[in-house]
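Visitor: Numbering (my numbering), first residue to last: 3 to 213.
1) Residues in the same chain with beta-carbon distance under 8 Å from residue 94, minus the five sequence neighbours each way, listed in chain order, please.
2) Would you mind reading off the limits of the alpha helix (DSSP H) that contains residue 157?
3) In the DSSP assignment, find the alpha helix (DSSP H) that holds residue 143 and state where it starts and stops.
4) Just the C-alpha distance for residue 90 and residue 115, rounded to the nearest angstrom, thanks.
5) Report yes if the C-beta distance between residue 184 and residue 193 is below 8 Å; otherwise report no.
6) Could you spell out where the beta strand (DSSP E) holding residue 193 opens and where it closes?
7) Between residue 151 and residue 111, is the Cβ-Cβ spacing less than 8 Å?
8) Going by DSSP in three states, residue 5 sits in which element: helix, strand or coil?
9) Take every Cβ of the region 75-84, pair it with every Cβ of the region 130-143, and state whether three or more of those distances are shorter than 8 Å.
10) Can you check whether the CB of residue 155 is closer than 8 Å to the CB of residue 179?
11) Give me, in chain order, the residues of the same chain whose beta-carbon lies closer than 8 Å to that of residue 160; leave out the 5 immediate sequence neighbours on both sides.
12) Which ranges does the alpha helix (DSSP H) cover as unbroken runs of at least 4 residues, wholly within the region 75-114, from first to last along the chain?
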């Protein structure tokens, strides 16, 4: 078994926010509080220690009450930089990452991801949930920034990024990995909906207000 205290939670809030006009995405308001704080509070009951990955407004993020770490790589290097930062500072056997811009992720995310890791004997588990493609058809697709990673993956990821690697799936395929599906009848089909733009954030907030 993997117990909740064996998992460090990491909220990823280190992006440029390019599609939001360059604003700090994690500090945009959702249900009356910053997106990153909302994600943190949703994650904390599911895991042991928590931390935040951010590259701007560090004082504001530090006020959320958990350690805040900037990317260990320069230049806003993307989600893998967040993974690498999290693994660098992780003190438990496992790290669970969630993005700040998907505020409705499952309340049993950590439990089910951990079960999938044990069942598949995997060192990497990615969440998978319903998502509409460009043609409008809905299928269960990987949500790679929702990742459960074993701490021992740190040297591998360091080597991968040092050699210029940047794609999550290219790296994960090098290790025992599994998908954890969140497509049961009781699962929220919008659990992994994310807000890349301010308009998408307004739509997402409107949908949750109706629930």
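Virtual Cβ for every residue (Gly too), placed ideally from N, Cα, C.
Guide: Taking the structure as given:
1) Contacts found: 7, 8, 9, 10, 50, 51 and 153.
2) Per DSSP, the continuous alpha helix (DSSP H) segment holding residue 157 begins and ends at 156-164.
3) Counting along the chain, residue 143 falls outside any alpha helix (DSSP H), though it belongs to the beta strand (DSSP E) covering 140-152.
4) So the two alpha carbons sit approximately 21 Å from each other.
5) yes
6) Here residue 193 belongs to no beta strand (DSSP E), and DSSP marks it neither H nor E.
7) no
8) coil
9) no
10) If you check the CB distance, residue 179 and residue 155 do not come in under 8 Å.
11) 86
12) Listed in chain order, they are 81-91.
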